[in-house]
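Just so you know, the sequence shown maps onto residues 2 to 420 in the numbering used here.
All C-beta atoms, glycine included, are put in the ideal place defined by N, C-alpha and C.
Notes for the one structure printed next.
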Amino acid sequence: MKRKFCLFSFILICLLFQTGCWGFREVDEEAFIMILGLDKGKENLLALTVQIAVPRGMGGGGMGQGGSAAGEQAKPTMTITVECRSILAGLNMLNATLERKPSLAHLKVIVVSEELARQGINAYLTQLLRYFEFRRSTFLVVSRGPAQKLIRQFQPVMENNPAKFAELFMGRQRYVGFIPFGQIHHFYNDLKLITVQPVAMLVSLKEKPPENLPAKEEQSSEGQFYAGQLPLKGGNNIELMGTAVFYQDRMVGVLNGEETLILNLLRGWLKQTLLTIPDPANPKYSISLRIKMERKPRLKVTLNQDRPKIYVRMFLDGEIVSAQSRINYGSPAKLSLLEGELNKLLAEKTQNLISKTQDEMQADIFGFGNKARRLVVTWPQWQKLNWPELYPQAQTSITVKIHLRRFGLLRNINPTGAP
2 MKRKFCLFSF
12 ILICLLFQTG
22 CWGFREVDEE
32 AFIMILGLDK
42 GKENLLALTV
52 QIAVPRGMGG
62 GGMGQGGSAA
72 GEQAKPTMTI
82 TVECRSILAG
92 LNMLNATLER
102 KPSLAHLKVI
112 VVSEELARQG
122 INAYLTQLLR
132 YFEFRRSTFL
142 VVSRGPAQKL
152 IRQFQPVMEN
162 NPAKFAELFM
172 GRQRYVGFIP
182 FGQIHHFYND
192 LKLITVQPVA
202 MLVSLKEKPP
212 ENLPAKEEQS
222 SEGQFYAGQL
232 PLKGGNNIEL
242 MGTAVFYQDR
252 MVGVLNGEET
262 LILNLLRGWL
272 KQTLLTIPDP
282 ANPKYSISLR
292 IKMERKPRLK
302 VTLNQDRPKI
312 YVRMFLDGEI
322 VSAQSRINYG
332 SPAKLSLLEG
342 ELNKLLAEKT
352 QNLISKTQDE
362 MQADIFGFGN
372 KARRLVVTWP
382 QWQKLNWPEL
392 YPQAQTSITV
402 KIHLRRFGLL
412 RNINPTGAP
């Protein structure tokens, strides 16, 4: 009995030293920032734009059902821009115009203008990463124009909540292929390494589609556009396609949607996507295929007389979705022809992309440097090897193996309509 009493007393005394939630804030005391934009400032170093959720505007009925005299529905968000020297200084300055404390707890997207990205963004990211409210699952995108203009003008059509819109719109990477893996966690991890360079999504307001589009017979992919240039009418007024390529923390180039698809395959990020290619048996028609990774690509780097050689083997699984020519690819000869054409096409596009990153950007965005580390034993040897300067000199050998396991059934239809 005495032992139980002592144990109970000990537990009771321990409870007195337990910490409480002294730093709590009620939900209605905070202004939740959904989207944060960074531009080069005119008067200061930075122009900070924030889009803040307006709760009564997201509730469905809005002010019109809440007793508004005008009967108008409240806007779901409000946008504020402030000139400041740093992100945290700008957030502090927002207190001068907001009755609630600005909070990054529900931040979904950071939009960086291309102008600022080409100058370097590491100084701004480190501030956010050390801030206790910031989540590393936040998406990072680069705007082809001013971030402030994009945030103020974009209007989601199907979603009232901009946070939900961003979560759905930018989280489709594994199933689309035209945008890279875009969370800040992955960007910052690559930024800290010298074996791989970081990338970010490319976003833009809709522009007038370019007039000099390729001829129909030359269009082998629907992903040969950049954000803002797609031949689309209607829908949301922003487009997400392509990749912003960085060398360390500075943007050095862009990839279109097709090149981004190859990047996703090489990095092992893509689960599945649709691919349209010219029909090898009748090039005026096209074939649509569903492509997914059979397993992650096999990468190898060797060194011969101080010149590296990169070996890439990609393994893909495919399914024929439709063939406009109605050619039956179920026969072994036809199937072998299509697989060979696919292997050749993807290997050629992969080679072109790697050459582009070597010649124009000098940035290894594929992670070949992770395999090159095995060429040396110690850290001083790795520093002496200097992979970022060695990568542009590397030779490449690309092999693609795609297996078309499902090709469906084709039914001949009589022109009169009879089966």
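DSSP beta-bridge partners for residue i?
i    : result
N305 : R308
V51  : L37, I81
I321 : L290
N283 : D280
V313 : L300, I399
M202 : V142, T244
A75  : According to DSSP, A75 bridges with nothing at all.
L275 : R291
M362 : Answer is none; M362 lacks a bridge partner.
The alpha helix (DSSP H) spanning residue i covers which residue range?
i    : result
S356 : 333–357
A124 : 123–130
K385 : 380–386
A261 : A quick correction: the sequence has Thr, not Ala, at residue 261. Residues 258–268.
Y248 : Run containing Y248: none in the alpha helix (DSSP H); it sits in the beta strand (DSSP E), 239–248.
P163 : 163–171
V177 : 174–177
S104 : Taken as a continuous stretch (DSSP letters only), S104 belongs to no alpha helix (DSSP H), being part of the beta strand (DSSP E) at 102–104.
I88  : 88–94
I12  : 3–17
F369 : 369–373
A148 : 148–154
To the nearest angstrom, how far is it from the Cα of residue i to the Cα of residue j?
i    : j    : result
A228 : T400 : 30 Å
L386 : R251 : 23 Å
S114 : S144 : 5 Å
L95  : G236 : 33 Å
G146 : Q120 : 15 Å
E318 : K402 : Note on identity: in this sequence residue 318 is Asp, with Glu being the wrong assignment. If you take the alpha carbons of D318 and K402, they lie about 9 Å apart.
I421 : A32  : With the chain covering 2 to 420 only, the question about residue 421 has no answer from this structure.
F6   : R26  : 38 Å
I263 : L354 : 8 Å
S289 : R327 : 12 Å
V112 : D360 : 28 Å
F135 : E100 : 21 Å
I239 : R299 : 36 Å
V302 : S356 : 16 Å
K207 : T50  : 20 Å
P163 : H107 : 11 Å
L8   : E295 : 59 Å
E349 : T261 : 15 Å
L391 : Q384 : 12 Å
G370 : L347 : 22 Å
Leaving aside the five residues before and after residue i along the sequence, list all residues of the same chain whose C-beta is less than 8 Å from its C-beta, in chain order.
i    : result
R137 : L130, Q184, I185, H186, Y189
A167 : M35, I36, K109, V110, F140
E160 : F166, L169
E30  : R101, K102
Within the same chain, show all residues whose beta-carbon is closer than 7 Å to that of residue i, passing over the 5 residues directly before and after it, in chain order.
i    : result
M242 : F179, I180, L203, F226, Y227, A228, L231, G258
V55  : A75, K76, P77, T78, M79
S287 : T277, I278, P279, D280, Q325
I292 : Q273, T274, L276, L317, G319
L117 : L39, D40, K41
L92  : P103
Q154 : L206, N238
V83  : L49, G91, M94, L95
G341 : none
On the DSSP letters alone, give me the boundaries of the beta strand (DSSP E) that residue i sits inside.
i    : result
D191 : No beta strand (DSSP E) holds D191; the alpha helix (DSSP H) holding it covers 185–192.
S398 : 396–407
S144 : 140–144
I111 : 110–114
Only counting the same chain, and skipping five residues up and downstream in sequence, which positions put a Cβ closer than 6 Å to that of residue i?
i    : result
L304 : L376
K310 : T303, Q396
T127 : none
Check your understanding: For the segment 154–172 against the segment 273–281, are there 3 or more C-beta pairs whose distance is under 8 Å?
Key -> They do not touch, by the three-pair rule.
**Study point:** Touch test, the segment 355–375 against the segment 193–200, Cβ-Cβ under 8 Å, three pairs minimum
**Key:** They touch, by the three-pair rule.
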